[in-house]
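**Student:** Have a look at this one.
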Ligand code: NAD
Ligand code: MG
């Protein structure tokens, strides 16, 4: 019997890498449902190849356009829905055994939780849902006794080296340092969205690419690791490794350090999680270490990467600081991508929002969503302040 898969965020970078791996193993996996936001042409292409039963486009007008295109392409048997309710429903759908959670940002939280609550096996790429609602999310994972496997390359690497966690002294999350690691600090003010999205080693969506350039991505990953591996901030270190060959490491009390290595290609962690505890082909070529030769490491410079420091302090502060951090960062990154905020001001918007809003730890989902909304409003206020000061 084949295993039915739903991909939340199928039109994105992780979604497409997942479909690439799945198509190599169609004897094992069946693509049942795909979701996207508004990229209709890309979803049509995916439907033509993978022929899912169900598609959800978050944007209603995109769903309407897709229905017409599917009918014209002779694929009218594919049902198309739209909106947030439909996104959650598709994650719970009968015939779906496993869900790849690869929507970017806070929009991924509710459908991913829906998958957990429906008892589906979940592959987690959407780190933002653990950052904004870590305790609540992990409590549900445990209560529903679902299998949650990490897709983020660092967490997948740690998972591969972690065994049962006995004797772990610390984990070391590696980070490439992004495209601006060696730029003079004064040049960062004039960075463009395209420059920030040109990651040296990975091809990713635009939001995570900007997060990688500020190193907020690594900060979000520290918080993600805290929840996935149940470790305090003091046992999570970040190490810059510009070649992105070592995907992360686990150090044990006896001094042993285990690392997972490979070419930087998300199909490796995706294939690892899909097949776990077996191994399957991913399409990724062999690692040629002789050709790579040089593996460098350095400590991150927190002056250059203030977002990393903000994420560590949000984790240590507890309460709802990580929820606020995540929301403010999403607002600031979108403003930067829209050319309404300079790259070097992203950290300030996040920091100011964290100063203004310090709610207690949310004990239920509605409280998380309310804090997320409040933080977006306050971050928006800081954006307007910036815009006014820039005009003055
Ligand atoms: P992407 O921008 O390429 O794709 C995002 C997907 O989410 C698209 O399918 C898009 O249609 C969908 N989406 C966006 N906004 C939505 C909304 N409001 N409602 C419903 N769907 C929406 O992003 P990506 O690079 O594939 O990253 C996806 C997630 O995986 C992120 O959380 C990212 O942090 C994580 N991740 C990505 C990588 C990578 O290499 N790309 C690595 C590790 C983790
Ligand atoms: Mg990562």
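Numbering (the numbering used here), first residue to last: 247 to 638. We treat Cβ as the ideally placed atom computed from N, Cα and C, and that holds for glycine.
(1) Is residue 271 closer than 8 angstroms to residue 305 when the C-beta atoms are compared?
(2) So, residue 302 versus residue 327, is the Cβ gap smaller than 8 angstroms?
(3) Residue 293 by DSSP, collapsed to three states: which one?
(4) Just mark residue 589 as buried or exposed, buried being the case when its beta carbon has 16 or more other beta carbons within 10 Å.
(5) Tell me the residue span of the alpha helix (DSSP H) that contains residue 417.
(6) Quick check on the contact list: which residues have their beta carbon closer than 7 angstroms to a heavy atom of the ligand MG?
(7) Among the residues of its own chain, which have a CB less than 8 angstroms from the CB of residue 452, if the five just before and after it don't count?
(8) Output the distance between the C-alpha atoms of residue 570 and residue 635, rounded to the nearest integer angstrom.
(9) With DSSP as the reference, please indicate the residues paired to residue 458 in a beta bridge.
(10) To which residues does DSSP link residue 281 through a beta bridge?
(11) With a cut-off of 8 angstroms on the beta carbons, I'd call residue 649 and residue 289 a contact; round off their distance for me.
(12) Could you pull the DSSP bridge partners for residue 327 from this structure?
(13) Out of 402, 624 and 594, state which residue places its alpha-carbon closest to the alpha-carbon of residue 604.
(14) Whose C-beta lies closer than 6 angstroms to the C-beta of residue 308 among residues of the same chain, with five residues either side of it excluded?
(15) Leaving out the 5 sequence neighbours to the left and right, which residues in its chain are closer than 6 angstroms to residue 579 when beta-carbon positions are compared?
(16) Which first and last residues belong to the alpha helix (DSSP H) in which residue 611 is found?
(17) With distances taken Cα to Cα, identify the nearest neighbour of residue 609 among 386, 502 and 316.
(18) For residue 363, report the span of its alpha helix (DSSP H) as first-last.
(19) Look up residue 512 in the DSSP assignment and give the residues it is bridged to.
(20) Which value, in whole angstroms, describes the spacing of the CA atoms of residue 388 and residue 357?
(21) What is the DSSP secondary structure of residue 648, counted as helix, strand or coil?
(22) To which residues does DSSP link residue 346 through a beta bridge?
(23) Whole angstroms are fine: how far does the CA of residue 316 sit from the CA of residue 472?
(24) Can you give the Cα-Cα distance for residue 419 and residue 480, rounded to whole angstroms?
(25) For the beta strand (DSSP E) that residue 585 lies in, which residues bound it at each end?
(26) Judging by CA-CA distance, which residue of 275, 476, 519 and 535 is the nearest neighbour of residue 561?
(27) Please work out which residues of its chain come closer than 8 angstroms, Cβ to Cβ, to residue 249, disregarding the five sequence neighbours upstream and downstream, and give them in chain order.
(28) Given 7 angstroms as the limit, tell me if residue 260 has its C-beta closer than that to any heavy atom belonging to the ligand NAD.
(29) Tell me whether residue 387 counts as near the ligand HEM, meaning its Cβ is closer than 7 angstroms to at least one heavy atom of that ligand.
**Tutor:** In short:
(1) Cβ atoms of residue 305 and residue 271: not closer than 8 angstroms.
(2) With contacts defined as CB atoms closer than 8 angstroms, residue 302 and residue 327 qualify as a contacting pair.
(3) Here residue 293 sits in helix by DSSP.
(4) Its Cβ being crowded by 16 or more others within 10 Å, residue 589 is buried.
(5) Counting along the chain, residue 417 falls outside any alpha helix (DSSP H), though it belongs to the beta strand (DSSP E) covering 414-421.
(6) Matched residues: 398, 399, 400, 463 and 467.
(7) Cβ within range, chain order: 439, 443 and 583.
(8) Going by the C-alpha atoms only, they are around 24 angstroms apart.
(9) Answer is none; residue 458 lacks a bridge partner.
(10) Under DSSP, residue 281 forms a beta bridge with 302.
(11) Here the chain comprises residues numbered 247 to 638, so residue 649 is not present and cannot be evaluated.
(12) In the DSSP output, where bridge partners are listed per residue, residue 327 has 302.
(13) For residue 604, the nearest C-alpha among the options comes from 624.
(14) Take residue 308, set aside five residues on each side of it, and the residues of its chain with a beta-carbon closer than 6 angstroms to its own are 284 and 286, in chain order.
(15) If you ignore the 5 residues before and after residue 579, its C-beta comes within less than 6 angstroms of the C-beta of 453 and 456, all in its own chain and listed in chain order.
(16) Residue 611 -> alpha helix (DSSP H) spans 611-637.
(17) When each option's Cα is compared against that of residue 609, the closest is 386.
(18) First-last of the alpha helix (DSSP H) with residue 363: 355-363.
(19) Residue 512 is not bridged by DSSP to any residue.
(20) Between residue 388 and residue 357, the C-alpha separation is close to 17 angstroms.
(21) The structure shown does not extend to residue 648, since the chain spans only 247 to 638, so no value can be given for it.
(22) Under DSSP, residue 346 shares a beta bridge with 253 and 369.
(23) For residue 472 and residue 316, the distance between alpha carbons rounds to 43 angstroms.
(24) Residue 419 and residue 480 have their C-alpha atoms spaced approximately 13 angstroms apart.
(25) Note, residue 585: premise wrong, no beta strand (DSSP E); not H, not E.
(26) Cα-wise, what sits closest to residue 561 is 476.
(27) In chain order, 274, 275, 276, 343 and 344 place their CB closer than 8 angstroms to the CB of residue 249, counting only its own chain and leaving out the 5 sequence neighbours on each side.
(28) Between the ligand NAD and the CB of residue 260, the shortest heavy atom gap is smaller than 7 angstroms.
(29) The ligand HEM is not part of this structure, which contains only the ligand NAD and the ligand MG.
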